[in-house]
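Protein chains in written order, with our numbering: chain A, 1 to 278; chain B, 1001 to 1342. Think of the CB as a built atom: it goes at the ideal place given N, C-alpha and C, for glycine as much as any other residue.
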Amino acid sequence: MSKALALLAHDLRLLRHTTEYEFRKVLAFRVGFVVRELLNGVAHPAVMICLYFALYAQASSEAIGGWSFPEIVGYMILSACVQKMLFHHRLLEVADQIFTGHLTKFLVMPFRFFTLPLGRFVQNTLLQVAIATLCYFAGLYLVPDWWPRPASPSAAAQAFALVLLGSACFLLAYYCLAILAFWLDVVWSLSVMFMFVANFISGRMIPVSQMPPIFEAIFRWTFPYWALSAPIELFMGRTPEGFFLEGLGILLPTLLALELLRRVLWRLGRRRYVGAGM
Amino acid sequence: MSGALLSCRSARKVFRTHEREPGLRGFLRGLFKRKWLEVEALAGIDLEFAAGEFVGLIGSNGAGKTTLVKSMVGIIPVSSGRAELFGRDAFHLRDEEKRRLGVVMGQRSQLWWDLPALDSFELLRAIYDVPRAEFDQRLARYVELLDVADQLKIQLRHLSLGQRMKMEIIGAFLHGPEVVFLDEPTIGLDLIARETIRKFLVELNREEGATLVLTSHDMEDIEHTCRRLVILDQGAVVFDGELVELRQRIVGERAIELHLEPGTEDRAEGLAESLQAFEGRLSRENPLTLTVQVPASRAHDCIAHLLSVLAVRDLSVERQPLEDLIRQVYATPSLAAGLARP
Chain A
1 MSKALALLAH
11 DLRLLRHTTE
21 YEFRKVLAFR
31 VGFVVRELLN
41 GVAHPAVMIC
51 LYFALYAQAS
61 SEAIGGWSFP
71 EIVGYMILSA
81 CVQKMLFHHR
91 LLEVADQIFT
101 GHLTKFLVMP
111 FRFFTLPLGR
121 FVQNTLLQVA
131 IATLCYFAGL
141 YLVPDWWPRP
151 ASPSAAAQAF
161 ALVLLGSACF
171 LLAYYCLAIL
181 AFWLDVVWSL
191 SVMFMFVANF
201 ISGRMIPVSQ
211 MPPIFEAIFR
221 WTFPYWALSA
231 PIELFMGRTP
241 EGFFLEGLGI
251 LLPTLLALEL
261 LRRVLWRLGR
271 RRYVGAGM
Chain B
1001 MSGALLSCRS
1011 ARKVFRTHER
1021 EPGLRGFLRG
1031 LFKRKWLEVE
1041 ALAGIDLEFA
1051 AGEFVGLIGS
1061 NGAGKTTLVK
1071 SMVGIIPVSS
1081 GRAELFGRDA
1091 FHLRDEEKRR
1101 LGVVMGQRSQ
1111 LWWDLPALDS
1121 FELLRAIYDV
1131 PRAEFDQRLA
1141 RYVELLDVAD
1151 QLKIQLRHLS
1161 LGQRMKMEII
1171 GAFLHGPEVV
1181 FLDEPTIGLD
1191 LIARETIRKF
1201 LVELNREEGA
1211 TLVLTSHDME
1221 DIEHTCRRLV
1231 ILDQGAVVFD
1241 GELVELRQRI
1251 VGERAIELHL
1261 EPGTEDRAEG
1271 LAESLQAFEG
1281 RLSRENPLTL
1291 TVQVPASRAH
1301 DCIAHLLSVL
1311 AVRDLSVERQ
1321 PLEDLIRQVY
1331 ATPSLAAGLA
1341 RP
């Protein structure tokens, strides 16, 4: 028991160090920081707002699929905030490290390699939550009439919890795809394909509740929906009672399944690693 | 040998790869039907390294030395046989064993590219759980030995190759490993940096008793640091013994350099034929300087002959460099077979 606790303490200490290291890395270059960290996730919702503006201008009714234009703008603003917090595949280097053999140095060290991507996840989450919060309150101060407000503090807290869990699912899903590099040399393409599908399912482009009901019925079984579209609707007060628990019911088992898959893939993949370049 | 820290028992490693046929037709055929090849990188190696040894592991490209090192540090599993480190299957090392191991890869940085070396060392301290006092003491000593105090706070990417390699070596030794593998640690370095690194390694091996396994194509590295030499060829060990033993077993050649008295150059004519009696040959010929290569066992007689037929102003005899001996081993399969242990 004490050995397990010591191991956990060591892992947590290491996680703190790797998170610090990731922070220093992202802050090392100012332009890189602005482009990658501040502007990340902003362009897409901005384009979608323009697209929706054109659609609503042509529409015969004020609402499309149950969403008015101000509500859609609110959704897209929140989508930008959530998108910033969600983990994405560009944050992972493991596929490259497998291809180039840079993984070798970590394999001979006494720690679990996953601590490094986890450190990046923690760093990215902390930083993006801070930036998204600042942006949200800045917008609320500057354009209060257009800015979305939470239905209640508990709705905001529940939405935030779903986003964090969804982001962890994204970390594990992209990580599992990345470590297919032990077998395949097309993991980048697979990750990009997965990203497009996940973006659609998550409602990044269109709120899922605006899609045909069959889509919503299917997407509700997948974690991307609960990582973005669902928390936004929860935040805006557009969801029924028990919605949060339903989200937990999907996200927690998914998280567990992805973690098991990650461990299995890593174990199998390690046997195929050749340590190129040494 | 008892108390071996590292051992290989009939360690064999086979890589499976498919043959790629040339041209579009071959490419299309390869999409549906592949011809698989098995490449044997290690052909049943038996080796043991004891505590405190400084071993040179050499071999030509493709001889299997990198595969052997990767197997011994647990990066890749062996296909059959065993590779053990600290008495445990190397591919399944636990954190306890990894804490006793260090690896330096000349062509792959162990440190973090975006951080100053000092920050990388701190991260390594956290990974290896090194007590602060021990860490500070070691760091101060190694920094002094390798003379890199000024470069500790500079981002690794901004250091020169030599400075970087010194940092890599410090990083590999900071946790006080019992066994360190060094893969080409002096590759691309200048003479002074190479010399500094060699001295550092020798000192650490002597004073801290660390077992060092050095792979290098630079025979000077091996000659200046290692006592024991393992030569690999085509995945098998062709020599495993003391460096001096290799010199004894391969009766090498001697290079006799002669400086002639001015005005006596013409007397060197016909020398090449007379050298055949001593199995020697003229390897270099300038107007007043000649170099004769002759088997070590005939050197004495040959020198006497040369002094009798030439007006020699000065003479020097040099042993064959280790590099030449190794080349001789590779070029002569019968010699390699003769060196192999029974």
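In this structure, the alpha-carbon of arginine 1206 (chain B) lies about 29 Å from that of glutamate 1318 (chain B).
Contact with chain A is absent for aspartate 1089 (chain B), since none of that chain's Cβ atoms lies less than 7 Å from the residue's Cβ.
Put simply, of A:Tyr21, A:Trp221 and A:His88 the residue whose alpha carbon is nearest the alpha carbon of glycine 41 (chain A) is A:His88.
Pairing glutamine 1110 (chain B) with lysine 25 (chain A) gives a Cβ-Cβ distance that is not under 7 Å. Within the stretch 90 to 119 of chain A, the residues whose Cβ lies closer than 8 Å to some Cβ of chain B are Gly101, His102, Thr104, Lys105, Leu107, Val108, Met109, Pro110 and Phe111, listed in chain order. Against chain B, the CB of leucine 14 (chain A) has a partner CB under 7 Å away; the residue lies at that interface. Proximity of glycine 275 (chain A) to chain B, defined by a Cβ-Cβ separation below 7 Å, is satisfied. By the C-beta density criterion, serine 1120 (chain B) is buried, having at least 16 other C-beta atoms within 10 angstroms.
Chain order gives no chain A residues near valine 1230 (chain B), where near means a beta carbon separation below 9 Å; the closest approach is about 18 Å. Taking 8 Å as the cut-off between beta carbons, the residues of the stretch 1104 to 1116 of chain B near chain A are Met1105, Gln1107, Arg1108, Ser1109, Gln1110, Trp1112, Asp1114 and Leu1115, in sequence order.
The stretch 1085 to 1100 of chain B makes no contact with the stretch 77 to 92 of chain A, as fewer than three CB pairs between them are under 8 Å. Taking all protein chains shown into account, alanine 178 (chain A) has 16 or more neighbouring C-beta atoms within 10 Å of its C-beta and is therefore buried. Under the 8 Å Cβ criterion, the stretch 193 to 212 of chain A does not count as touching the stretch 93 to 103 of chain A, having fewer than three qualifying pairs. Here DSSP, grouped into helix, strand and coil, assigns lysine 25 (chain A) to helix. Interface flag for lysine 3 (chain A) against chain B is unset, since no Cβ pair is found closer than 7 Å.
For histidine 1259 (chain B), the beta-bridge partners assigned by DSSP are B:Thr1289 and B:Asp1314.
If you draw a straight line from the Cα of arginine 1012 (chain B) to the Cα of valine 274 (chain A), it is about 15 Å long. With contacts defined by Cβ atoms closer than 7 Å, glycine 1106 (chain B) and aspartate 1183 (chain B) form a contacting pair.
In summary, the residues of the stretch 24 to 38 of chain A whose CB is separated from some CB of chain B by less than 8 Å are Arg24, Lys25 and Ala28, in the order they occur in the chain.
Taken through DSSP and simplified to helix, strand or coil, glutamine 1155 (chain B) comes out as strand. Taking a C-beta distance under 7 Å as the contact criterion, valine 1179 (chain B) and leucine 1101 (chain B) qualify as a contact pair.
For the options A:Met193, A:Pro212, A:Phe114 and A:Leu248, the alpha carbon positioned closest to that of threonine 222 (chain A) is the one of A:Leu248.
Annotation: Cβ neighbours of glycine 1074 (chain B) in chain A (cutoff 9 Å, chain order): Leu107 and Val108. Cα atoms of leucine 228 (chain A) and phenylalanine 235 (chain A): separation of roughly 11 Å, rounded to the nearest angstrom.
For the stretch 56 to 98 of chain A, the full-length alpha helix (DSSP H) segments reaching 4 residues or more read 69 to 85 along the chain.
Rounded to the nearest angstrom, the gap between the Cα atoms of isoleucine 1076 (chain B) and alanine 1050 (chain B) is 22 Å.
Residue environment: arginine 204 (chain A) is assigned as buried (16 or more neighbouring CB atoms within 10 Å of its CB, all protein chains considered). DSSP places valine 1230 (chain B) inside the beta strand (DSSP E), whose first and last residues are 1228 to 1233. Cysteine 1008 (chain B) is bridged by DSSP to B:Leu1047 and B:Ala1083. For lysine 1098 (chain B), the residues of chain A that pass the 8 Å Cβ criterion are Val108, Met109 and Pro110, in the order they occur in the chain. Note on geometry: alpha-carbon atoms of leucine 180 (chain A) and arginine 267 (chain A) lie some 12 Å from one another. In this structure, threonine 1186 (chain B) sits away from lysine 1065 (chain B), with a CB-CB distance that is not shorter than 7 Å. Annotation for glycine 139 (chain A): Ile77 and Trp147 place their beta carbon closer than 7 Å to its own, counting only its chain and skipping 5 residues before and after.
Residue ranges of uninterrupted alpha helix (DSSP H) with 4 or more members are absent from the stretch 169 to 194 of chain A; none lies entirely inside it. Comparing alpha-carbon positions, the option among B:Lys1153, B:Gly1176 and B:Leu1146 lying closest to glycine 1162 (chain B) turns out to be B:Leu1146.
Across the stretch 241 to 274 of chain A, CB contacts with chain B closer than 7 Å involve Arg271, Tyr273 and Val274, in sequence order along the chain.
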